[in-house]
Each structure stands twice: as structure tokens, then as C-alpha cells.
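**Q** Provided herewith is a single structure, encoded as C-alpha cells, for subsequent inquiry.
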Amino acid sequence: MELNEAIAKFKATNKLLHAYNHAMGVMYYDIETAAPKNAAAGFGETLGTLSEVAYKLSVNEENFALVDFLTEHALELDEITRREVEETAKEIRQARRVPVDEYVECRKIQATASAVWHDAKVKSDYAMFEPHLAKLVEYLRRFAGYMAPEKDAYDFWLEEHEEGFTTDVLDVYFAKVKEALVPLIHAIAKRPQIDDSFLQKAYPIEKQREFSHYLMEVMGINGDDCTLGETEHPFTTGFSKHDVRITTHYHENMLASNMYSVIHEGGHATYELNTADELISSPLAGGASCGMHESQSRFYENIIGRSLEFIKLVFPKLTELFPEQLAGVTPEMFYLAVNKAEPSLIRTEADELTYSLHVLIRYELEKRLFNGTLSTKELPSEWNRLYKEYLGVDVPDDKHGVLQDSHWSGGMFGYFPSYSLGSAYGAQIVAHMRKEMDIDGLVSKGNLKAIVDWLTEHIYKYGMVKKPKELIRICCGEDFDARYYTEYLIEKFSNIYGL
Ligand SMILES: [Zn+2]
């Protein structure tokens, strides 16, 4: 086969796959946001048919041969095509190397585990779920062996989500996080707590909606390229840089919940909206990795959105919309309230300071489950012990403990660390940005565009062309270093709590 011919064929398949994925993505979005409840069955049928066609397009001997051929000629390909081939090879690896009967069996176990988990969580009954979880771990360990026999099984799953971040890197990272944050959290527990009760007054949802659109404007998000929907759990989905959908949720008594959901998802959207034009409809159009995407959402949410400068910037709008609720509240009081740090049981509700310890606990447990030093039967007691040791909280039941996240029931292991790495990437990137620009001054003036431009030039435009480790080097001129994150948290929260 001629190389040019092979490239053309590869690109044509990608274009077709992109079309199917685009159509399916819009349907998923519709199910989540707009479709009536009874539409689910019909959508299920259509999605099943479309995904089967898409699966057959990429999982077939001819395509395997094509990807192998291009992999052999990787050095002759331009950077974008080379990365597209690499990502495709990664995607089809499971179908090529895992025996079909085992794959099918595992999918069935996954579906059952997921259903049982929902039930077990409601009943707070871990024993119901445990045998399914044990089987899943066993399968995933075996699958890792099929796909990358040279690698440790847990390292394999970690790198599925964040390439380059194996246990030897993460052990160092989490050790630093633990060493810096556990004593700080225990010290804060002895300080007087911040009063954030005014955030729980009644904030009419109609006014909160108005505030959401104002926040998107402040962030410089173009309403012609990005819309805001409403779902129970906020998320972002991007179909192209001209079609990004973010969602939020409204609770009358939780002003900060919507506010920071919009800013967080707006951060994800800003990434998607600013990838290079040449990546449109390429499989590389999204963010570099889960962690890198999360670095941008958390950068906007915590580093920008929870800064005093940002609060001062949006405060006139807040008091215009909610004059009675915020009577007597100053920007400084608001700043303290949205930065209140308090150990809690539920990861998704955790504050900026304690969040990474929730992740650390999951990381330690996953690692031990995969290396055989912890059994699924022992999991809840270890979970509870670590929550007490690191966060000082007593876990009352499994619903508020080991059963709280859906990830494990879906066989998603090795994903949690990317949530924490996102914050750490963000802190390192911002430390380097500060050398080139006065971030606080720009935020005070409402000039977030200068910040977006910098991030576009150093991160966004690359999409998935560069991997997370490379992006850190491009942005910061050095390797990933957890120090920036721990220093940032220590400084910020020592000030807030007068330590
Ligand atoms: Zn996110």
C-alpha cells in the first residue's frame, strides 16, 4: 500500500466515525436535557444500531492492518496524523487483544455491577455489591495483562486516563499532598469556622439563571458557540469548537452551587472552544487528558473564581440581583464564605482544600486492590479508617462511604487521580503565568481575555496533539511538580484561617 493512500483511507474512516459519534453525542445530550422520559427506549434502539456500525468501522481486520501499517511509518507522518494513529491504536487495542468471550462476560458483569450498586447504595448495603466488585477487579487485572503484559496492571489503568502518571509518579505526588495537607486540615479544625449562612438564604432561581449568563459573559464565552442547559449533575460536552454545551443545576438555598458549577463547566468549555481550527472533526479535537481538562475547569473555578479579585468583579451584579439576601455582606465576607474548608464525607461536595485527600484515599485503596494486598471484603473498613486518619471524620454508613461514587461499579479504576492532578497542573501553570502577566490585575479589570489568550497559545490550541507531561513542559519549561499545588493551598488557607 502507498503511504498517501493509507493516510487518505485512515482519514476517511475517522471522518465517518466522527459523524457517527457526533450524532450519538447529540442524542445523549438530548436524553439528558430535553427528551421526555419515555423517549429513552427509542433512543436506546437507535444508539445501539449506530454504535454497532461505528464499532464495526474501527474493529475489523482491514482497519487493524491499516493502523499497523501507519504505525510502522509513524516517523514519516506529520505530527497530527501520527498522534491520530497512536490514539486509534490505543482505542482498538482492547478489541484486538482481549478474547471476545471474556470481553462480553466482563461487559455483562459491569452492567450487573452497575445495577446492583444503585440498589446497594440506596440500602447502604456493601455486602450486596462486594462479589460483583471482586469479579470486576479480577477481570480488569487480567485485561491489563492481555493489553500490556509488560506493565503492572494498575499502572496500565492509570495510564489509560493520564499517560505518564504511573504509581511511581503518583506515589511521590500523593506523599507530598498528604504531608502538606493533613496537618493543615487538622490545624484548621481547631480554628473558628467561617460563617457562610447567607449563602443558604432563598435565592430565586430565575435570578440565578440571569447570573449564570452574566458569568459566561465575564468568562468571555461566546453564546453563539456555547449554550447552557440544566441537568441534575452538571457536565460539559463538546461536539466541535463551535458547538459546546455546558449544564448547571439550581437549588434555591445554595447560591454557590450554581455559581461554581457554571464557572467550572465554563472552564471546560473554554478549553474546547479554543482548540486549533485544523483539529475540527479530528479525534484530537478534545482536551489532552482528563486531568488536563480538569486543570482548566478547576483553574477557573478555584484559582480565578474563588479569588477576592473575581468576587469584587462580580459583586455589583450579585448585589443588583440579590439586594436583600446580600444586605450587609461585603466582598470580603463573600470571599471567605466560598472558601470555607471543612472535612466532609462526600468527595463531590468537598472544598478546594480537602478535595485531594478524598482522591488520595481512593488511589491508595485501588492500588492495594490491584496488587493483592487488600481484598474487596476489607475495602469498607479500610475506607473508614483512612477517612478518620486523613480527614478526621467518622463514616456513619457505606452509603456515605465506600458506595458513594459510581466509578468502580462501572469498572472505572485509575480515573480518580486525574481529578486531583488537574488541580496540581493548574497551580503549576498559574505560577508560571504569573511570571508573564499580572493575573490579579487582569481579573480586577475583568480582562479575562488576556488569560484565555495565554492558555490558548500554551495549552488549548494543541487539543490532544500534545500529551499532559509535554504540555506541562511547554507551559512551565519544567516537569510536573506537586510543590506548586501544596504551596498554593498552604498559603491561601493559612491566610484565610489566620494560621
Ligand atoms: Zn470537571
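Going by numbering that gives the first Met the number 0, 456 is the number at position 457 of the sequence shown; the sequence numbering is gapless. Using N, Cα and C, we set each Cβ at its ideal position, and we do this for glycine too.
What would DSSP say about I245, mapped onto helix, strand or coil?
**A** What you label residue 245 is simply residue 246 of the sequence shown in a count that begins at 1. Strand at I245.
**Q** Spatial neighbours of M116 within its chain, please: C-beta separation below 6 Å, excluding the five flanking residues on both sides.
**A** Stepping through the sequence shown from its first residue, residue 116 is reached at position 117. In the sequence under discussion, the amino acid at residue 116 is Trp, which differs from the Met named in the question. Taken in chain order, the residues that qualify are F128 and S408.
**Q** Have a look at the DSSP bridge pairing and note the partners of S239.
**A** Against the sequence shown, residue 239 aligns to sequence position 240. According to DSSP, S239 bridges with D242.
**Q** Measure the C-alpha to C-alpha separation of Y19 and Y54 and round it to an integer number of angstroms.
**A** Looking up residue 19 in the sequence shown gives position 20. Looking up residue 54 in the sequence shown gives position 55. Each residue's Cα considered, the two are about 10 Å apart.
**Q** So, is E4 buried or exposed, given that buried needs 16 or more other C-beta atoms within 10 angstroms?
**A** Residue 4 sits at position 5 when you count from the first residue of the sequence shown. By the neighbour-count rule (16 or more Cβ atoms within 10 Å), E4 is not buried but exposed.
**Q** Please name the residue in L320, Q295 and E44 whose C-alpha comes closest to that of H212.
**A** On the sequence shown, position 213 is the one that residue 212 refers to. Selected option, being the one with the closest Cα: L320.
**Q** Any idea what DSSP makes of E251, helix, strand or coil?
**A** Looking up residue 251 in the sequence shown gives position 252. Here E251 sits in coil by DSSP.
**Q** Okay, do the segment 250-263 and the segment 386-393 touch, 3+ Cβ pairs below 8 Å being the bar?
**A** No contact exists between the segment 250-263 and the segment 386-393.
**Q** Just mark D77 as buried or exposed, buried being the case when its beta carbon has 16 or more other beta carbons within 10 Å.
**A** In the sequence shown, the residue the question calls residue 77 occupies position 78. Exposed, because fewer than 16 other Cβ atoms sit within 10 Å of the Cβ of D77.
**Q** In this structure, how does DSSP classify G228 when only helix, strand and coil are distinguished?
**A** Position 229 of the sequence shown, counting from 1, holds the residue named residue 228. Looking at G228 - three-state DSSP - the assignment turns out to be strand.
**Q** What residues in its chain sit with their C-beta under 8 Å from that of K177, if we drop five residues either side in the sequence?
**A** Here residue 177 refers to the residue found at position 178 of the sequence shown. Here the set comprises L356, L359 and Y389.
**Q** Keeping to the same chain, check which residues put their C-beta closer than 6 Å to that of E365; ignore five residues upstream and five downstream.
**A** Along the sequence shown, read from residue 1 onward, the residue named residue 365 stands at position 366. Closer than 6 Å at the Cβ level, and outside the excluded window around E365, lie F412.
**Q** Between the segment 445-456 and the segment 316-332, can you find at least three pairs of beta-carbon atoms closer than 8 Å?
**A** Short answer: they don't touch.
**Q** Suppose the cutoff is 7 Å on Cβ atoms and the five residues either side in sequence are ignored; what does the same chain contact list for G304 look like?
**A** Walking along the sequence shown from the start, residue 304 turns up at place 305. Y259 and I262, listed in sequence order.
**Q** Entirely within the segment 86-133 and at least 4 residues each: give me those alpha helix (DSSP H) ranges in chain order.
**A** Listed in chain order, they are 99-122.
**Q** Considering only C-alpha positions, which residue in the set E51, I428 and L16 is nearest to E469?
**A** The residue labelled residue 469 in the question sits at position 470 within the sequence shown. Nearest of E51, I428 and L16 to E469, Cα basis: I428.
**Q** Cα separation between P395 and K206?
**A** As a first step, residue 395 must be located in the sequence shown, where it is residue number 396. As a first step, residue 206 must be located in the sequence shown, where it is residue number 207. P395 and K206: Cα-Cα distance of roughly 37 Å.
**Q** Please find out if some non-hydrogen atom of ligand 1 comes closer than 7 Å to the beta-carbon of S296.
**A** Position 297 of the sequence shown, counted from the first residue, corresponds to residue 296. For ligand 1, at least one heavy atom lies less than 7 Å from the Cβ of S296.
**Q** Using the Cβ count rule (16 or more neighbours within 10 Å means buried), how would you classify G41?
**A** Sequence index remark: in the sequence shown, residue 41 carries index 42 (1-based). It is exposed - the Cβ of G41 has fewer than 16 other Cβ atoms within 10 Å.
**Q** With contact counted as at least three CB pairs below 8 Å, one residue from each stretch, are the segment 140-151 and the segment 343-356 in contact?
**A** Counting Cβ pairs under 8 Å, fewer than three are found: no touch.
**Q** Can you list, in chain order, the residues of its chain with a C-beta nearer than 7 Å to that of A94? Leave out the 5 residues immediately preceding and following it.
**A** As a first step, residue 94 is located in the sequence shown; it is residue number 95 there, counting from the start. Correct list, in chain order: V58.
**Q** Leaving out five residues before and five after V243 in sequence, what residues of the same chain have Cβ atoms less than 6 Å from its Cβ?
**A** Within the sequence shown, the letter at position 244 stands for residue 243. Here the set comprises C225, G237, A268, E271 and L272.
**Q** At what residues does the alpha helix (DSSP H) containing V66 begin and finish?
**A** Looking up residue 66 in the sequence shown gives position 67. Looking at the DSSP string, the run of the alpha helix (DSSP H) that includes V66 is E60 to E71.
**Q** Does V52 come out as helix, strand or coil in the three-state DSSP assignment?
**A** Residue 52 sits at position 53 when you count from the first residue of the sequence shown. Three-state result, V52: helix.
**Q** Ordered along the chain, which non-local residues of its own chain (more than five positions away) have a Cβ less than 7 Å from that of Y125?
**A** If you number the sequence shown from 1, residue 125 lands on position 126. Result list for Y125: A119, P379, D397, V401 and L402, in chain order.
**Q** Unbroken alpha helix (DSSP H) runs of length 4 or more, entirely within the segment 344-396: which are they?
**A** Segments of the alpha helix (DSSP H) lying fully in the segment 344-396: 354-370 and 378-385.
**Q** When we look at the beta-carbon of N13 and count the other beta-carbons within 10 Å, is it buried (16 or more) or exposed?
**A** The count along the sequence shown starts at 1 and reaches residue 13 at position 14. Buried, by the Cβ-count rule.
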